[in-house]
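Participant: Okay, handing you the structure first.
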Amino acid sequence: MKKNILITGGAGFIGSHVVRLFVNKYPEYHIINLDALTYAGNLENLKDIDSKPNYTFVKGDITDMNFIHDLFKEFQFDGVLHLAAESHVDRSISDPMAFITTNIIGTVNLLNAAREIWKDSFETKRFYHISTDEVYGSLGETGKFLETTPYDPRSPYSASKASSDHLVRAYFHTYKMPVILSNCSNNYGANQFPEKLIPLVINNIKNSKPLPIYGKGENVRDWLFVEDHALAIDLIYHKGRIGETYNIGGNNEWANIDLVRKLCDIMDKKMAQEIGTSQKLITFVKDRAGHDLRYAIDATKIKNELGWEPSIQFEEGFEQTIDWYLNNTEWLENILSGDYEKYYEQQYEKR
Ligand code: NAD
Ligand code: DAU
1 MKKNILITGG AGFIGSHVVR LFVNKYPEYH IINLDALTYA GNLENLKDID
51 SKPNYTFVKG DITDMNFIHD LFKEFQFDGV LHLAAESHVD RSISDPMAFI
101 TTNIIGTVNL LNAAREIWKD SFETKRFYHI STDEVYGSLG ETGKFLETTP
151 YDPRSPYSAS KASSDHLVRA YFHTYKMPVI LSNCSNNYGA NQFPEKLIPL
201 VINNIKNSKP LPIYGKGENV RDWLFVEDHA LAIDLIYHKG RIGETYNIGG
251 NNEWANIDLV RKLCDIMDKK MAQEIGTSQK LITFVKDRAG HDLRYAIDAT
301 KIKNELGWEP SIQFEEGFEQ TIDWYLNNTE WLENILSGDY EKYYEQQYEK
351 R
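For the sequence shown, position 112 (counting from the first letter as 1) is numbered 112 according to UniProt numbering, and the numbering increases by one without interruption.
Next up, the structure:
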């Protein structure tokens, strides 16, 4: 009999890469993708695998306790990979409540359902919670986040993710739930919603629109190719130790302004325009409230224990990502024609 594996948030950016990897690599699993299809969920991300016999999509909301309980009862999941979340920091600043309900209550609903349905079989199960490096707060110019770094979340998004991490660990200690966690740095790649820095800049360059850089563009992020994150998730799910946390990062720090300048130059070449054309669009705007200065991950633990390292060099992954956005205009246009335009106006008109 196939193992039933629940992946939440599988229609989103990272979730869709994880679903694709699992569906293709593990025909012996039946992958159930549970997603509420919020503004960030998009089944177009999975159209290449949606008719596979070991894949089922279920539209549903993790904040609905009874629905989640019934789903666990129906499918008797062998394992859970939990990625569903509200994920954009700027949206958490303007509307924190959606982050509290989905990221905290939604996670507890999943934990409670697993606890109840799995109560006599914890030893054969796994609840894997996918989290972010933002829970550790902001670094100065030196140092990196370790798994032991104290939590210091500073945005409603990161506070809601930190809260969910604490609850997952509490269920491990209190109820002996078989949990495992990972905290990853910034991902980039195909299918990322264009509210996030890299696809937003690509889209604006294409349309000769200003490129909004918060503050002075000095904030630093550690960028990882999304398919490398999916491979790390696969390894942790299968080989990671119960009760443990693994940090995942790209060892690839960029100040926002340097990253955007590089992106501009590559785009100029690809669009056959004079180098420097896109950089002229760079516009410094009002900073993000509470903007964390720097994130950087120390990924020694996952390397030593599980042998994971990023496999794609940044130059290659970045180029591949830009090409994907240039070749998938329909995907982008479909998003831009929805509520996104309204969000963009509200987010950027006052800056
Ligand atoms: P995303 O916003 O692209 O996708 C989130 C998905 O969750 C969407 O498909 C959405 O429809 C679904 N969803 C939202 N609320 C839901 C609900 N109440 N019920 C069911 N489904 C719901 O996010 P992402 O960037 O792919 O991030 C996925 C996970 O990885 C999140 O938990 C995030 O915190 C974490 N993470 C993201 C990054 C990153 O750089 N993007 C880095 C580290 C960790
Ligand atoms: O570190 C992991 C996190 O990375 C994930 O947990 C989040 O879900 C994900 O959204 C991402 O958070 P960031 O806030 O770092 O990503 P974002 O793409 O929104 O911004 C990247 C940097 O670029 C950040 O310093 C803010 C800046 N920025 C962003 C936007 C959208 C700008 O300067 N201008 C912009 O218009």
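Even glycine gets a Cβ: it sits at the ideal position worked out from N, Cα and C.
Can you list the alpha helix (DSSP H) stretches of 4 or more residues lying completely in the segment 61-103, in chain order?
Facilitator: The qualifying runs are 65-75, 89-94 and 96-99.
Participant: According to DSSP, is residue 57 helix, strand or coil?
Facilitator: Residue state, collapsed to three classes: strand.
Participant: Thinking just about the alpha-carbon of each residue, which of 221, 223, 200 and 233 is nearest to the one in residue 211?
Facilitator: Considering only alpha carbons, the answer is 200.
Participant: Indicate whether residue 354 and residue 129 have their beta-carbon atoms separated by less than 8 Å.
Facilitator: This structure cannot speak to residue 354, because the chain is shown only from 1 to 351.
Participant: Whole angstroms is fine: what's the gap from residue 10's alpha carbon to residue 36's?
Facilitator: In a straight line, the C-alpha of residue 10 is about 10 Å away from that of residue 36.
Participant: Under a Cβ-count criterion, where at least 16 other Cβ atoms within 10 Å of its own Cβ denotes burial, should residue 126 be classed as buried or exposed?
Facilitator: So residue 126 ends up on the buried side.
Participant: How long is the line joining the alpha carbons of residue 423 and residue 31, rounded to whole angstroms?
Facilitator: No answer is possible for residue 423: the residues shown for the chain start at 1 and end at 351.
Participant: Express the C-alpha separation of residue 224 and residue 318 in angstroms, rounding to a whole number.
Facilitator: Spanning the two alpha carbons is a distance of roughly 10 Å.
Participant: What residue range is occupied by the uninterrupted alpha helix (DSSP H) comprising residue 152?
Facilitator: Neither: residue 152 is in no alpha helix (DSSP H) and is coded neither H nor E.
Participant: Is any heavy atom in the ligand DAU found nearer than 7 Å to the beta carbon of residue 89?
Facilitator: Within the cutoff, so yes.
Participant: Regarding residue 288 and the ligand DAU, is the C-beta to nearest heavy atom distance less than 7 Å?
Facilitator: Yes.
Participant: So what does DSSP say about residue 126, is it helix, strand or coil?
Facilitator: In the structure shown, residue 126 sits in a strand (DSSP, three-state: E or B).
Participant: With C-beta atoms as the reference, is residue 202 less than 8 Å away from residue 263?
Facilitator: Against a cut-off of 8 Å, the Cβ pair of residue 263 and residue 202 comes out as a contact.
Participant: Could you check the C-alpha separation between residue 338 and residue 207 for me, to the nearest Å?
Facilitator: Each residue's Cα considered, the two are about 17 Å apart.
Participant: Mind checking whether the beta-carbon of residue 186 lies closer than 7 Å to any heavy atom of the ligand NAD?
Facilitator: Because some heavy atom of the ligand NAD lies under 7 Å away, the Cβ of residue 186 counts as near it: yes.
Participant: Can you find a heavy atom of the ligand NAD that lies under 7 Å from the Cβ of residue 22?
Facilitator: No.
Participant: Which stretch, first to last residue, makes up the alpha helix (DSSP H) that contains residue 270?
Facilitator: From DSSP, the alpha helix (DSSP H) with residue 270 extends over 256-270.
Participant: For residue 1, is the classification buried or exposed, using 16 other Cβ atoms within 10 angstroms of its Cβ as the cut-off for buried?
Facilitator: Exposed, since its Cβ has fewer than 16 Cβ neighbours within 10 Å.
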